[in-house]
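Those letters in the sequence shown? Residues 100 to 292, by the numbering used here. Idealized CB from N, CA, C, for every residue including glycine. In this text, all values refer to a predicted model and were calculated from it rather than measured experimentally. Presented below is the structure to which this report refers.
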Amino acid sequence: MKKRKKSQNEAGQFTLTDEEVAKLIDCASTNRNRLIVKTLVKTGLRRAELCGLDTQDLQPDRGRIIVRHGKGDKRRFVPIPDSLAAELRAFVERRVNGPLFRSQREGRLVPRTINHIIKAAADIAKITNPNPDRKQIGPHLLRHTFSRHYLRDGGRLHILSQILGHANIAITHAVYGTASEDEIQEEYRKVVE
100 MKKRKKSQNE
110 AGQFTLTDEE
120 VAKLIDCAST
130 NRNRLIVKTL
140 VKTGLRRAEL
150 CGLDTQDLQP
160 DRGRIIVRHG
170 KGDKRRFVPI
180 PDSLAAELRA
190 FVERRVNGPL
200 FRSQREGRLV
210 PRTINHIIKA
220 AADIAKITNP
230 NPDRKQIGPH
240 LLRHTFSRHY
250 LRDGGRLHIL
260 SQILGHANIA
270 ITHAVYGTAS
280 EDEIQEEYRK
290 VVE
């Protein structure tokens, strides 16, 4: 019997806890890797977007990153917290141009490297994917985690749609517009118990 493929909405239900996120960041092997994980968790960027960032795309004084080549080659601004802006500024302090996150050979990172960085940090942190259909933690789980935490903390769906670079809000609503399993359980306990 064929296994039913999960819908986008179901995939968006799975996230890491705040404690797991902190542990994942702490367990990244280098300062660069820690900043990569932290940037993904704090912005919801896609891994290809992260790989495509250049030093001039960082605007720490304005608290944002410019994504010049998002999905569909769309350009957008993505807010970043002041603490991350300061860390990224210090990270690229003397560099004027080139990739924001460089490979060991000083070139641009490839998406597969991002996967490896996240998997290695998750292995050290002993964090498993909350999705029973997935074995490893990857960048897209961090995007889902960012999105769910953003909404949980009071962010609005239409702003999240713009941050994520979705073509329209219907996509964002389909994935994140419904309560997660944890939110349903928590709400139920508040009301019934």
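Whether residue i touches residue j by CB criterion (8 Å)
i, j, result
"residue 209", "residue 150", "yes"
"residue 191", "residue 264", "no"
"residue 135", "residue 216", "yes"
"residue 133", "residue 238", "no"
"residue 250", "residue 268", "no"
"residue 259", "residue 244", "no"
"residue 199", "residue 123", "no"
"residue 266", "residue 169", "no"
Rounded C-alpha distance that separates residue i from residue j
i, j, result
"residue 231", "residue 225", "16 Å"
"residue 274", "residue 282", "15 Å"
"residue 220", "residue 184", "22 Å"
"residue 180", "residue 141", "8 Å"
"residue 261", "residue 129", "31 Å"
"residue 211", "residue 291", "46 Å"
"residue 286", "residue 154", "43 Å"
"residue 201", "residue 131", "9 Å"
"residue 193", "residue 112", "41 Å"
"residue 114", "residue 279", "9 Å"
"residue 159", "residue 228", "32 Å"
"residue 197", "residue 206", "8 Å"
"residue 104", "residue 195", "Reliability fails at residue 104, whose pLDDT of 45 lies under 50, so the model's placement of it is uncertain and the value that follows must be treated cautiously. Near 45 Å, if we compare the C-alpha coordinates of residue 195 and residue 104."
"residue 119", "residue 213", "18 Å"
"residue 178", "residue 284", "31 Å"
"residue 138", "residue 222", "19 Å"
"residue 218", "residue 241", "12 Å"
"residue 173", "residue 121", "31 Å"
"residue 182", "residue 157", "13 Å"
"residue 235", "residue 161", "35 Å"
"residue 254", "residue 246", "9 Å"
"residue 176", "residue 188", "17 Å"
Residue i, buried or exposed, once every other Cβ within 10 Å from all chains shown has been counted against 16
i, result
"residue 116", "exposed"
"residue 288", "exposed"
"residue 204", "exposed"
"residue 277", "exposed"
"residue 143", "buried"
Beta-bridge partners of residue i, as assigned by DSSP
i, result
"residue 157", "164"
"residue 145", "None; residue 145 has no bridge partner."
"residue 178", "163"
"residue 210", "In DSSP, residue 210 forms no bridge with anything."
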